[in-house]
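Here the structure comes first, spelled out in structure tokens, and everything after it is commentary.
Residue numbers (my numbering): 1 to 1251.
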């Protein structure tokens, strides 16, 4: 067998900096590499043409990225310079949907920094999408020098050579310029610039040019730069040709204006703007970077958003907190902190990709007042020890100065001065040319080329000649002796001199007999052998040992490292068979060597745990067993008739394995702790056992008649039973089996479990980017059977729409140009018999959209809100004109009430202080006057509760002060019959308040220990005729009765978050079960006693933050649960539960599709009533019709009756005088609605026709 070891050669040296450039710039790039070596960066150049031939990839960009990935993984590359414009080193175009057309396609260099995956997980033509599952964390630090010509490269090289040196001093190097121009409104950029400015050290002189403090002229801007700055930060408008330093009037600083700058200073620009860094075109930044006053610029290749300060702040914070942080490292910290948001939020993702670094990323910019660096004392001790003292211009010790030794084209070593300015370096590698010294400090002028040293080296090569263990194998094996032979050779023209050879192994795995050897002087070409013997200690796993070999000649030391693999024996019993012959037990065992090497001299022994036994053969000795081979033997025992266990003991090379392997216990115990996890058509069973034998699993549907469900014996304590009926009870027990003794235990436990509900046919559907937004069920298309399902994407900007069978609705998805956190609401806004959808975004264009069923935008829309919205809007016919109005309150606490055509019902009103607001508006008739009011909480730290009439006036005594910020949606209903009107449930940061319609606090209760978005709901879950208050908490559910007492069995801990407590009578017993999602990725159903309903939880595979929508979207008379979450899917589950307004008292977020938050709004009506207020709805129960004749005598003295199907189609218009019965024989089974009218008041009753 061949020896396995790492070849003993000089280690592949570490590379700090990789320069990628076309071959036309090869000569000048060598000068750049030489400069970086002098500054302590081991540098390698790779030409684009070479990369194209050496690396695989679908295009040149992927080949370059694979090259970077290789050198990062194998040589430790940290910094990368792309030395060339985009025409030479292409960018990757990534797609982030924000609704900006072609600017959603971003040319980005970040493709070369984040090396995870291939940026095209779905293998389509588009890179960087949400579907591509990017990690978005930088692995290497990438900067681009966008040179087009050799002249530009030499120009930038000169800028680098004099950067922070005394060749180019300037006064006030700690000057920083900050520019804030107008973006949308006056002074709106200033807060963003200020948020960055505060992280600059106090010794920096800060110059502010803010448009809100006066017009920024071109002269003032240029003059500020020409006085010399080291940093320039700005937030302003821009384009490919320049930046707008002032707006209204527009003052443009263009590419041509760069010539107005002098050569004073070397400034790093960071400009948040649009397009200025688009190097795929002729852009402003690639001209600026070659001006002598500028060392580089960080800016945007496409749109620049003010949220980019989330990158700028950690950039400057980390840059100044860490004295030696480079530009690339500071950018890496910023990108790392932004990565988690970038995975989910499109605007953060856009910023991450659009930001481009047009500067050498390994530069350390000034961190404060600059000082001279002086080399006061230098000595060379013992030929190889370099000692020095460094001071500043005041002859004070200069600490933390970087000292670098280098040769032309070769970085040797680096260290830093201590507190007293001293540093020492020992040269431990062959030195065949002159050696130079450089001195650097973040706040010091760099010193280069200051020292020459004589040539020193040891001319001996070391080669591993042979390895052999005591069994003759050429490898190292655990617990064996070995010999290693090294061959040394003099490769020079001169005698080597006497040399010491020492060897050391750090892990203490090898025991070496000798570690120090004296080598006589060797003449040219002479060889010398060193023999080392020792023993490998016991190793439980294969491992690599590292040998450090030192050659010492005088005081000059050279070190090399050798890695050797040590193999561990791996013996296992792979088969055991028992056989009884008379009184003898014969055990047949198969022993396998799972090691990669042959094993020698070992014994296998089988023993029972008895004080006395008889055996004619209880052990076998083996001389050798090859790698990955096995052998079978038998063992014979005469044992008493008492319980016993057999064990294996393996002894290898005089070393006993301390692990006993039990083979058999003659006392069998049935499995215990049988438990199950329901699935969709499956049950996962597991159990505990005292022995590990074989098992049978039995199932029953009635708890009496059981059948075995496993074919072969189960050999683990886990079994999944598949092919079961959905939402059905099954019974299970498990037995243990001993096949050799022909014994099966009797069951000790029986488990009753119900499977999960079935997926509705056609579901789930893929909806990339879903997260926070709750689905909505509505009637988009009256010509297609069933209702439609809508879902917004929180990590994209799309609204998806599907028919009841799961097919996409034509014209959808619709792009609303920003991520969607609020849930859409729906109603028939134009009285055409079908619903329209209203939706708002959070980050994006901050507009509100009203969308028709075909996906087109309705006339008069979109409308600008000025801010995005967390809160879900509501819609209802507020003014009684027959068309629903829309109420929306974005995060700036401005209340908008729109008519269907986009006009205002009354003027927008700012509620309290403009402050990020997380509450949602509600609509309800709280005072019982049959006119709905708008109920809304204001913003600010001292918010109020407002109630508005349709004319915009507030209802007395409102507004009233609230005890805290409202965090979520309200719930409105008749909670307390002893109070007039409707009560309002209001969530604050940790508590729930019940308010009367007169603004009184009836009671308040603590609900959660952490700030969470409460979305309370109302439902009579225990069927006592009084609704309870249901609250989602940070870790589950809490339920309060009408007096504020906690309902018995609650709180329930089932995982918390935003998901509201929807309710449905699942089992038909009159009580309502609570259905809500959880952060643990499950959908829970909890009964009124606080217990989990059988058949739940149901997994949705990732966080379930949205609420469910309980509905009957396929119109089969039975309920479905529509749910979504972070799993990029929309789910629908079938339940065998009758669906009605009473069977589901609170089916979704804010109660209904109109998101009114009012419990008295019917949740699924004929379309005639959609979006309108039913007056005096009676308490009539649903009618279950098991036949064709409907008896109307229960409704005396009525004017007329209308019957609608679920699509809203009028199918009966009956004058009651014609008879007291209604014949429905010609209509199929399904759900219908009776509209019974008397004196202009209407009752709406649901009729469920069974057959």
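Note that beta-carbon positions come from the ideal geometry of N, C-alpha and C, so glycine has one too.
Note that the structure is predicted; figures quoted are calculated from it, not measured.
Chain-order list of residues whose beta-carbon lies under 6 Å from that of residue i (same chain, five-residue window excluded)
i, result
"residue 247", "181 and 182"
"residue 878", "885, 932 and 950"
"residue 751", "674, 676 and 732"
"residue 446", "164, 165 and 440"
"residue 898", "886"
Residue i (DSSP reduced to helix, strand or coil)
i, result
"residue 314", "helix"
"residue 299", "strand"
"residue 377", "strand"
"residue 174", "coil"
"residue 1025", "coil"
"residue 331", "helix"
"residue 292", "coil"
"residue 518", "strand"
"residue 232", "strand"
"residue 601", "strand"
"residue 353", "helix"
Candidates the options: closest to residue i by CA position
i, options, result
"residue 373", "398, 58, 111 and 639", "398"
"residue 1042", "979, 1102, 990 and 1067", "979"
"residue 728", "250, 45, 1095 and 311", "1095"
"residue 349", "46, 96, 123 and 1211", "96"
"residue 54", "66, 45, 43 and 44", "66"
"residue 733", "707, 716, 724 and 517", "707"
"residue 522", "543, 488, 413 and 1143", "488"
"residue 261", "1037, 228, 1062 and 592", "228"
"residue 622", "607, 628, 600 and 696", "600"
"residue 282", "403, 406 and 148", "148"
"residue 331", "278, 214, 359 and 236", "359"
"residue 869", "860, 875, 895 and 711", "895"
"residue 581", "638, 472 and 840", "638"
"residue 1296", "672, 1121 and 1232", "Residue coverage of the chain in this structure runs from 1 to 1251, which leaves residue 1296 outside it and unanswerable."
"residue 304", "267, 353, 801 and 264", "353"
"residue 890", "1146, 958, 936 and 814", "936"
"residue 230", "269, 249 and 199", "269"
Residues near residue i by beta carbon distance below 8 Å, same chain, minus five either side
i, result
"residue 773", "791, 792, 793, 794, 820, 821, 822, 823, 824, 1106 and 1124"
"residue 367", "201, 319, 320, 323, 442 and 443"
"residue 903", "860"
"residue 28", "150, 153, 154 and 157"
C-alpha distance - residue i paired with residue j, whole-angstrom precision
i, j, result
"residue 412", "residue 439", "14 Å"
"residue 604", "residue 539", "19 Å"
"residue 47", "residue 63", "12 Å"
"residue 245", "residue 255", "13 Å"
"residue 1059", "residue 285", "47 Å"
"residue 394", "residue 419", "16 Å"
"residue 1254", "residue 1007", "The requested residue 1254 is not part of the displayed model; the chain covers only 1 to 1251."
"residue 746", "residue 721", "20 Å"
"residue 437", "residue 290", "29 Å"
"residue 49", "residue 23", "7 Å"
"residue 534", "residue 602", "21 Å"
"residue 782", "residue 833", "7 Å"
"residue 370", "residue 242", "32 Å"
"residue 326", "residue 99", "35 Å"
"residue 1127", "residue 839", "22 Å"
"residue 258", "residue 235", "18 Å"
"residue 865", "residue 848", "7 Å"
Q.
Does the contact criterion of 3 or more C-beta pairs under 8 Å hold for the region 124–139 versus the region 839–848?
A. no
Q: Could you say if the region 454–474 and the region 508–518 meet the contact criterion of at least three C-beta pairs nearer than 8 Å?
A: no
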